[in-house]
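For reference, the structure discussed in these notes is given below.
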Amino acid sequence: MTKTYAEINEKIASGKAVVLTAEEVIAYVDKHGLENAAREVDVVTTATFGPMCSSGCFLNFGHSTPKMRISEAWINDVMAYCGIAAVDVYIGATQLRHNDPANMYHPGEFRYGGGHVIEDLVAGKKVQLFGLSYGTDDYPRREIRTMFDINDLNQAIMVNPRNCYQNYNVGVNVSDKRIYTYLGILRAKMRNMTYCSAGQLAPLLNDPYYATIGVGTSVWLAGARGIVYAQGTQHCSLVERGDNGVPVEGAGTLALTADMKEMRPEFVRGASFRGYGVSLALGVGIPIPILNPEILRRTTVRDRDIQASVIDYSTDYPEKTGKVLGRFTYEELRSGTVELMGKKVPVTSLSSYSKALKICNLLKSEIEDGHFLLSEPSQRLPLNQGMKSLTITGAAR
Amino acid sequence: MITKKIYLYFPKSETEKPIVYQLVKDYNLIVNIFRAKVTPEEEGYLSLEVTGNQEDITRAFAFLGTFDVVIHAGNKGVHWDENRCVHCGACVVHCPPGALTIVDQGTRTVTFNEDRCIECLACIAACPFGACSSAF
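So the sequences go chain by chain: B and D.
Note that the first sequence covers residues 1 to 397 in my numbering.
Note that the second sequence covers residues 1001 to 1136 in my numbering.
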C-alpha cells in the first residue's frame, strides 16, 4: 500500500483527509494495526516549541526622503547587520542590546536582545530604528531615527539556519559550583537536569531517516506557512541511533524560513538565559504524509522509545571530551526524576510539550480544513553526513 | 484566626516609622515577613503575611490607612503571568516550596499556587521567558 503526495493533497483539498497528531497516531495504530491504519491515515502532524538560537530575520525598510544606504543600524538599541542592500537589515536572535553588561557582573540578566525585537515585531509593537550612513551621491542621508512596526516594512522574513534539532543533549552539572548555560541554570552536584525536545511529538524524531522531511517541505512556522530551504547548519546524520533508527543525541537539523507578517505572537517568544544570553523560542509544526506503512510506523515512536544522552556541562561539554554520563528515555525524563550515578536527580524541560501539542492540533485543523497542502521535497537531507571539529592551526598573530 | 497576604509600599515620608512593630503590639498580629526592600530613593516595599482575628486585621488595615502606605491586600510581591508562560517547566525544579508545578501530566502545563510561594525569587532567574516578576 502506497500513496502519493498528489493523492493525499487531493484528499486534503476535498476535506476528506484523515489527520492525526503524533500523539494520537500511537493509540490509533495500536488499535487498528499498521496496514489498516496506513490505508486510513493520510497525515500525522508533528511539532516542537523551544529556544532556537539560530533564528533571525531580514527586514526591508521603505526608502526615506532623501534616500539612505544604511551602514549601521540598531532596532530598539539592538544592532542589526547592514552588510546587505541599502535598506535591508538582518537582526539575529542572540544579538545583545547596546550597552548590555553581558557577564561583566556574572551572572548577567540579558533582559532584552534580538529575540525580543523579533517577538515585539511579530506582536505588532512599535520599535525604534536608529541608522547611520557615510552618505553617497545616490543615498545622501547620513542618519535616521524613527519608530516603525511590522506593517511599515515591505518584507519581514524570518530565516532560521538551524531549527528543529533532532534530539538534543540533556544537561547536568557535576561540579560543586552552579553554572549558567543555554539549557538554563544547572545547580551544583547534579541537583537538576534539563532536556529540550518535544520527544514523541518532535518532527525529526517521527521521521528519523528524513523520508518525507527534506528541502522544499512545507512547514508551519509560528503560524505562518514556511518552508525547509536547506539542511540546517550542524546537520549531522551519522550519529549513534537506537534499534528504532532514532538518534540518541543531536543529529539532523532544518533550515527554515517564513513570512513574519503571518506569524502568531504566541509562538514567537524572546528568551533571556541568566548568565548565558538572549535567544528566541519558536513553535514549528511539520506534517508527515503517510505514503506507506513504514513511514507510519516511524510516526508511532513513543517517549519510552527515544533516548537522550546526559552531558556534564561543567567540564565535558565545554572541553569537548565526548563523555556521556548516561542515557534516559523521554518517558523517564518527563517523570520528573531520574537516577544518575546513584543519585536521584530532578529533571525539567526547556521545550514546551504543551505548546508543541497545541501546534500539532492547530496544524491538524488547518490540514483538515483544506488550508494546508503538503509539498514533496525537491531534495533529501543528507543521511551520511558527519560533523567536523575546528582544528586550530597557524601561528598566533 | 485568619491569614492574609499583603504587600505594602511606603513612600519616603513613612519609611522611618515603626509600623510593623505596632501591628504586632497594638493589633496582636503574627507577622511573617517574606521580603523587604528600601530603594536608594528611600521608598520602602514590604511583602508579608499577617495572622490574627478578623477584627484585629480590620483595625490594623484601618491603622495602616492613616499613613501614606499603599496596601495591596491579597497580593503577593511575586507575579506569575500565565500568558508569558510557555509551560516549558524550567522553573519547577528551582522552586523550593513547590509553588510552580506541573500537575497535569497529560497537558503538561505549569500552574502557580500563590499560597505556597515564599517569594525566594528563584523562579525569576530560572524563567527564560519573563513569566515571573517581582512587584518590587
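Beta carbons are placed, not taken as given, at the ideal position from N, Cα and C, and that holds for glycine.
- Distance check between Thr391(B) and each of Lys320(B), Leu333(B), Val345(B), Tyr134(B) places Lys320(B) closest, using alpha-carbon atoms only.
- Bridge partners of Tyr229(B) according to DSSP: none are assigned.
- Taken through DSSP and simplified to helix, strand or coil, Val1086(D) comes out as coil.
- Ala202(B) does not reach chain D, its nearest Cβ partner there being about 14 Å away, counting only Cβ pairs nearer than 7 Å.
- Contact between Gly285(B) and Cys164(B) is absent: CB atoms are separated by about 10 Å, not below the 8 Å threshold.
- Here the stretch 267-285 of chain B lies against the stretch 95-108 of chain B, with 3 or more beta-carbon pairs under 8 Å apart.
- The Cβ atoms of Gly283(B) and Thr136(B) do not sit closer than 9 Å to each other.
- Runs of the beta strand (DSSP E) lying entirely within the stretch 1005-1069 of chain D, each at least 3 residues long, are 1030-1038, 1044-1052 in chain order.
- At a cut-off of 3 residues, the continuous stretches assigned as beta strand (DSSP E) that sit fully inside the stretch 159-215 of chain B are 170-172, 179-181, 184-186, 193-195.
- Closer than 9 Å to the CB of Ala188(B) there is not a single CB belonging to chain D.
- Ranked by Cα distance from Asn1032(D), the options Leu1100(D), Phe1136(D), Glu1049(D) are led by Glu1049(D).
- By the rule that beta-carbons nearer than 9 Å mark a contact, Val1020(D) does not touch chain B.
- Residue-level contact by beta carbon holds for Arg274(B) and chain D, with a gap shorter than 9 Å.
- Annotation for His32(B): no beta strand (DSSP E) segment contains it, though the alpha helix (DSSP H) segment containing it runs 24-32.
- Within the stretch 306-353 of chain B, the alpha helix (DSSP H) runs of at least 4 residues that lie entirely inside it are, in chain order, 316-319, 330-334.
- Arg97(B) has Val78(B) as its beta-bridge partners, per DSSP.
- Per DSSP, the continuous beta strand (DSSP E) segment holding Tyr90(B) begins and ends at 88-92.
- As computed with DSSP, Met263(B) is found in no beta bridge at all.
- Counting other Cβ atoms within 10 Å of its Cβ, Leu383(B) stays below 16 and is therefore classed as exposed.
- Linking Val1024(D) to His1079(D) through their CA atoms gives a straight-line distance of about 27 Å.
- Straight through space, the alpha carbons of Ser71(B) and Lys16(B) are spaced by roughly 52 Å.
- In chain order, Glu1043, Asp1068 place their CB closer than 7 Å to the CB of Pro1011(D), counting only its own chain and leaving out the 5 sequence neighbours on each side.
- For Asn361(B), the secondary structure class from DSSP, reduced to helix, strand or coil, is helix.
- Per DSSP, the beta-bridge partners of Leu282(B) are Gly50(B), Val268(B).
- Between Val172(B) and Asp312(B), the C-beta spacing is below 9 Å.
- Taking 9 Å as the threshold, the shortest C-beta distance from Tyr210(B) to chain D does not fall below it.
- DSSP places Glu109(B) outside any beta strand (DSSP E), giving it a letter other than H or E.
- Along the stretch 49-61 of chain B, going in chain order, the ones with a CB nearer than 8 Å to a CB of chain D are Phe49, Gly50, Pro51.
- Contact with chain D is absent for Asn151(B), since none of that chain's Cβ atoms lies less than 9 Å from the residue's Cβ.
- Within the stretch 73-105 of chain B, contact with chain D at the beta-carbon level (separation under 9 Å) is assigned to no residue.
- The beta-carbon of Thr1058(D) is placed no less than 9 Å from the nearest beta-carbon of chain B.
- For the stretch 1060-1090 of chain D, the set of positions with a beta-carbon nearer than 7 Å to some beta-carbon of chain B reads Val1086, His1087, Cys1088, Gly1089, Ala1090 in chain order.
- Selection Val246(B), Trp74(B), Ala85(B), Ala38(B) evaluated against Gly131(B) yields Trp74(B) as nearest (Cα-Cα).
- The stretch 230-242 of chain B makes contact with the stretch 154-162 of chain B, as at least three CB pairs between them are under 8 Å.
- For a Cβ distance threshold of 7 Å, residue set Tyr353, Ser354 of chain B lies close to Arg1108(D), ordered along the chain.
- Annotated as proximal: Ala308(B) and Leu333(B), with beta-carbon spacing under 9 Å.
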